[in-house]
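Number of protein chains: 2
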Amino acid sequence: MTATPGLIPRGARNPGSQGALRHLNQERLVEFLLANGPSTQAELARGTGLSTATVSNIVRDMAAKGVVATSPVTSSGRRALLVQLTDTGDVAVGVDFGRRHVRIVLATLGYDVIAEEQVALEPGYDVLGAVREASGLLDRMLVEGGHDRESVLAVGVGIPGPIDRRTGTVLQGAILPEWVGITRRELEDVFGFPVMVDNDANLGALAEVTWGANRGERNIIFVKIGTGIGAGLILNGQPYYGFLGITGELGHTPVAEHGVICRCGNRGCLETVASTSVMLESLGRGTGAAVTTADILRRGLDKDPAVLRVVSDAGTAIGRAIGNIANVINPELVLIGGPLVGLGDALLDPIRHGIQHNALPIIAGTTSVRVSSLGDRAESLGAAAIVIQGALAGNE
Amino acid sequence: MTATPGLIPRGARNPGSQGALRHLNQERLVEFLLANGPSTQAELARGTGLSTATVSNIVRDMAAKGVVATSPVTSSGRRALLVQLTDTGDVAVGVDFGRRHVRIVLATLGYDVIAEEQVALEPGYDVLGAVREASGLLDRMLVEGGHDRESVLAVGVGIPGPIDRRTGTVLQGAILPEWVGITRRELEDVFGFPVMVDNDANLGALAEVTWGANRGERNIIFVKIGTGIGAGLILNGQPYYGFLGITGELGHTPVAEHGVICRCGNRGCLETVASTSVMLESLGRGTGAAVTTADILRRGLDKDPAVLRVVSDAGTAIGRAIGNIANVINPELVLIGGPLVGLGDALLDPIRHGIQHNALPIIAGTTSVRVSSLGDRAESLGAAAIVIQGALAGNE
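Protein sequence lines, in the order shown, are assigned to chains A and B.
Going by our numbering, 347 is the number at position 197 of the first sequence; the sequence numbering is gapless.
Going by our numbering, 155 is the number at position 5 of the second sequence; the sequence numbering is gapless.
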């Protein structure tokens, strides 16, 4: 038998496209400069493993954008070019909309946080009203910091819902139904700046490997446990978006064959048994008083049996769903975010137990489970990170 | 299912590393040359988007390895360097061990199949005996083709079991228990060539985007339904290996809370209800006669109700497990491989139904489900592909 050769090239149609490679390489140079201070091009090449030709190409581009400044120096008796990050004055904005808050950070291209504020939003807030409120807060932060509007590169916005990357539209499944159908364009109209949108859990994952304690980890599942349960993925060291951008929908793993109908349209999803809302409802039932996540934290730390049981059942269910995914993507690290992470091992142990239940022993035994290193700042920092990365990549 | 140590490293040791980038870039140049024939360096740069410096660096390397030849020409009145792929005479070998067969392909660096043979193995074969048999077959194929041993770059070997990439060792969970503990080294001792090992489903996935009809697809789950149920992943256009290389273990998704103990050590795994062995056993029960996969194919195409029911139940269970994964990795394409693909929609429809049951409507509605384009050749072609890719990457 003979065979049809692979004649048409493996269509690396666009995979690992030039833009993506350049972006990776630029990021590496910026990281090296952040860690090591001003460096010669030869040092950059040695320190990053990039070729001198690549280094000098990228340095030239970044110098043209004003991200770095170069100056001739003498190194070991030879002429060399010293490269240093410049303070361009450019501002990357990260905005995180939660169910009850909006948080804004301003940051430099060098990943320095310049300003950071959070305000509460009414439960069930009007979405465009909240966006206008955030826009007002941003304007005030810019004025107070003495940043003119031209210095704003873009506004990264994290939204608690799935987003179709083809159109920048929020899809059904968002925590607040009002978010559904909102587009990037509408946000740009309100903010008056270019806007980049992403799902909150994706941004949390990105923040962990850009700002957080987990830089250098290659394969991470970041699971945000809140009113919704969503995951963001870092695979091969990069944020992973899949076909449409609708990744990490862990909360919609069916776990109860004849369970209740979920807001996604399916039945018995993980979110219908393990979200914080479900936990609050279970604990409030029959007490006549509303239970808050702050109550769960306080009572959980006091070892209240009802709270521990509810958290244990939810954590185990979430862990089982994570275990199924870990069998397939074999991450080194599972990070847990959301309002309950203050419970520590009372939350993590059931999750670990659930992972052990569903994952192959070797997977369960080699996957670390920890809480997010950035707490409630993760999503807003991730939102600023997509702006910084976009700027460094030159939107190629 | 699983994984690999590609020991001739596809430098993905620490991806995004210089080796990995170089590898991607080299691959792109080779693809362009395969599609467009001899080209000048300027054409290569324009056609691939790579910088001229990168192109000339890589061309120099490839010329040193003899993969391309260069010759000065005049193009638009200027001096230029023409680059063309050379027939190096190098041979990449792909070997696929199944439960009852071994298949070998010989291929050129240009993805041309030179020779291809398959022989049957006894059920429950002695593993090292089968490896020796394969080695004898390979030696005969080389002699018949007039290839001296020095022309063999390496032997890629596909194994139906999870492989720990850190050590190149087959782990518990392999279809034949005898494979467990076998190392790349042992295979090298028998073959007398450098060996790269990988899991069969991973190789099937790779083959689809190198040799198959799905070049250019970026995010694929390739599911092999056989005695085991394993998946190989292409994510962002590249084979995905995760932390240890133990990816795609879809067959070990628990689906029956109090089900039977699985060979992986867990309980009620998908494989215990939906593998071909379970289907054969169900259909043979009480008949006193052994049922084969060929019987399932024949009777299924004749619309035998018992066969259709068994295939439908298994397909639905597999589809549900795929649906959970699709919610998280949002692939554009699910490819089904294994001995039952001849059933066509009688197998695919239950899988689609299972995906619809578990996946978000937008995910289920945008994920195509098709049969493998390469049939039983996929794994051996994938095994040759890892050798070709390793050689083009220059073992960096």
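Each residue gets a CB set at the ideal place from its N, CA and C atoms; glycine is no exception.
CB contact check: residue i to chain A, cutoff 7 angstroms
{"i": "Leu235 of chain B", "result": "no"}
{"i": "Ala351 of chain B", "result": "no"}
{"i": "Ile505 of chain B", "result": "no"}
{"i": "Ser427 of chain B", "result": "no"}
{"i": "Ala203 of chain B", "result": "yes"}
{"i": "Ile475 of chain B", "result": "yes"}
{"i": "Asn364 of chain B", "result": "no"}
Residue i versus the options, residue with shortest Cα-Cα distance
{"i": "Val330 of chain B", "options": "B:Gly376, B:Val277, B:Ser301 and B:Leu288", "result": "B:Val277"}
{"i": "Leu498 of chain B", "options": "B:Val484, B:Val305, B:Gln268 and B:Leu510", "result": "B:Val484"}
{"i": "Pro528 of chain A", "options": "A:Asn364, A:Arg315 and A:Ser206", "result": "A quick correction: the sequence has Ala, not Pro, at residue 528 of chain A. Selected option, being the one with the closest Cα: A:Asn364."}
{"i": "Met291 of chain A", "options": "A:Val245, A:Gly274, A:Ser226 and A:Leu433", "result": "A:Val245"}
{"i": "Ala534 of chain A", "options": "A:Pro404, A:Lys374, A:Thr422 and A:Ile254", "result": "A:Ile254"}
{"i": "Pro500 of chain B", "options": "B:Asp339, B:Val478, B:Gly354 and B:Thr466", "result": "B:Thr466"}
{"i": "Ser225 of chain A", "options": "A:Val233, A:Ala219 and A:Val218", "result": "A:Val233"}
{"i": "Glu421 of chain B", "options": "B:Val441, B:Ser201 and B:Asp463", "result": "B:Asp463"}
{"i": "Pro310 of chain A", "options": "A:Pro327, A:Glu300 and A:Val302", "result": "A:Pro327"}
{"i": "Val303 of chain A", "options": "A:Ala185, A:Arg249, A:Ala242 and A:Gly323", "result": "In the sequence on display, residue 303 of chain A carries Leu and not Val. For Leu303 of chain A, the nearest C-alpha among the options comes from A:Ala242."}
{"i": "Pro312 of chain B", "options": "B:Ala280, B:Asp348, B:Asp298 and B:Pro344", "result": "B:Asp348"}
{"i": "Arg459 of chain A", "options": "A:Leu430, A:Gly380 and A:Leu271", "result": "A:Leu430"}
{"i": "Glu272 of chain B", "options": "B:Arg282, B:Asp289 and B:Arg249", "result": "B:Arg249"}
{"i": "Ala214 of chain B", "options": "B:Leu200, B:Leu235, B:Thr202 and B:Ala195", "result": "B:Leu235"}
{"i": "Val307 of chain A", "options": "A:Gly354, A:Leu231, A:Asn416 and A:Arg299", "result": "A:Gly354"}
{"i": "Ile512 of chain A", "options": "B:Gly415, B:Thr220, B:Asp240 and B:Glu181", "result": "B:Gly415"}
{"i": "Leu231 of chain A", "options": "A:Gly274, A:Tyr391, A:Val410 and A:Ala219", "result": "A:Ala219"}
{"i": "Thr397 of chain A", "options": "A:Arg315, A:Leu493, A:Val293 and A:Arg210", "result": "A:Arg315"}
{"i": "Gly380 of chain A", "options": "B:Gly187, B:Gly274, B:Val478 and B:Gly492", "result": "B:Val478"}
{"i": "Leu394 of chain B", "options": "A:Lys374, A:Ala476 and A:Val423", "result": "A:Ala476"}
{"i": "Pro455 of chain B", "options": "B:Ala440, B:Gly227, B:Gly438 and B:Ala496", "result": "B:Ala496"}
{"i": "Ala509 of chain B", "options": "B:Ser523, B:Asn474 and B:Asp526", "result": "B:Asn474"}
Sequence-distant residues of the same chain with beta carbon closer than 6 angstroms to residue i, five excluded per side
{"i": "Arg178 of chain A", "result": "Thr198"}
{"i": "Trp361 of chain B", "result": "Leu531"}
{"i": "Ala265 of chain A", "result": "Leu256, Met291 and Gly295"}
{"i": "Asp268 of chain B", "result": "It is Gln, not Asp, that sits at residue 268 of chain B in the sequence shown. Closer than 6 angstroms at Cβ, skipping near neighbours: His251 and Arg253."}
{"i": "Gly166 of chain B", "result": "Confidence in Gly166 of chain B is poor, its pLDDT being 41 and thus under 50, which makes the residue's placement too unreliable to answer from."}
{"i": "Thr333 of chain B", "result": "Gly318 and Thr319"}
{"i": "Ala471 of chain A", "result": "Leu400, Thr403 and Leu420"}
{"i": "Gln506 of chain B", "result": "Ala514"}
{"i": "Pro188 of chain B", "result": "Leu232 and Gln234"}
{"i": "Glu338 of chain B", "result": "Val345"}
Short CB-CB distance (under 7 angstroms) between residue i and chain B
{"i": "Leu385 of chain A", "result": "yes"}
{"i": "Gly161 of chain A", "result": "Note that Gly161 of chain A has pLDDT 29, beneath the 50 cutoff, so the model's placement of it is unreliable and the number below is only indicative. It does: the Cβ of Gly161 of chain A has a partner Cβ on chain B nearer than 7 angstroms."}
{"i": "Leu271 of chain A", "result": "no"}
{"i": "Glu482 of chain A", "result": "yes"}
{"i": "Gln478 of chain A", "result": "Inspection of the sequence shows that residue 478 of chain A is occupied by Val rather than by Gln. It does; some Cβ of chain B falls within 7 angstroms."}
{"i": "Pro511 of chain A", "result": "yes"}
{"i": "Asn369 of chain A", "result": "yes"}
{"i": "Asn207 of chain A", "result": "yes"}
{"i": "Gln539 of chain A", "result": "no"}
{"i": "Asn186 of chain A", "result": "no"}
Chain-order list of residues whose beta-carbon lies under 7 angstroms from that of residue i (same chain, five-residue window excluded)
{"i": "Pro489 of chain B", "result": "Gly376, Thr426 and Thr443"}
{"i": "Val457 of chain A", "result": "Leu433, Ile446, Arg449 and Gly450"}
{"i": "Pro481 of chain B", "result": "Asn369, Ile370, Ile371 and Thr517"}
{"i": "Arg229 of chain B", "result": "Pro222"}
{"i": "Ser575 of chain B", "result": "The displayed coordinates of chain B run from 151 to 546. Any statement about residue 575 of chain B would go beyond what the structure contains."}
{"i": "Gly239 of chain B", "result": "Ser301"}
Neighbourhood of residue i by C-beta, 8 angstroms cutoff - its chain only, sequence neighbours within 5 removed
{"i": "Gly286 of chain A", "result": "none"}
{"i": "His408 of chain B", "result": "Arg417 and Gly418"}
The ligand MN heavy atom lying under 6 angstroms from the CB of residue i
{"i": "Ala324 of chain A", "result": "You won't find the ligand MN in this model; it holds no ligand whatsoever."}
Examine the Cβ distances between the region 528-541 of chain A and the region 257-265 of chain A and report whether three or more of them are shorter than 8 angstroms. The region 528-541 of chain A, when compared against the region 257-265 of chain A, does touch it at the 8 angstroms Cβ threshold.
Compile a chain-ordered list of the residues in the region 388-418 of chain B whose CB is closer than 8 angstroms to at least one CB of chain A. For the region 388-418 of chain B, which is checked against every Cβ of chain A, the residues closer than 8 angstroms are Gln388, Tyr390, Tyr391, Gly392, Phe393, Leu394, Gly395, Ile396, Thr397, Gly398, Glu399, Leu400, His402, Thr403, Pro404, Cys414, Gly415 and Asn416.
So does the region 512-524 of chain B actually touch the region 397-413 of chain B, counting three or more Cβ pairs closer than 8 angstroms? Note that the region 512-524 of chain B does not touch the region 397-413 of chain B; fewer than 3 beta-carbon pairs, one per stretch, sit closer than 8 angstroms.
Near-chain B residues of the region 299-325 of chain A (beta-carbon distance less than 7 angstroms), N- to C-terminal order: Look at the region 299-325 of chain A: the residues with a C-beta under 7 angstroms from a C-beta of chain B are Leu321 and Gly323.
The region 516-528 of chain A: positions lying closer than 7 angstroms to chain B by Cβ: Residues Thr516.
Taking Cβ-Cβ distances below 9 angstroms as the criterion, which residues of the region 211-236 of chain B are in contact with chain A? Within the region 211-236 of chain B, no residue qualifies.
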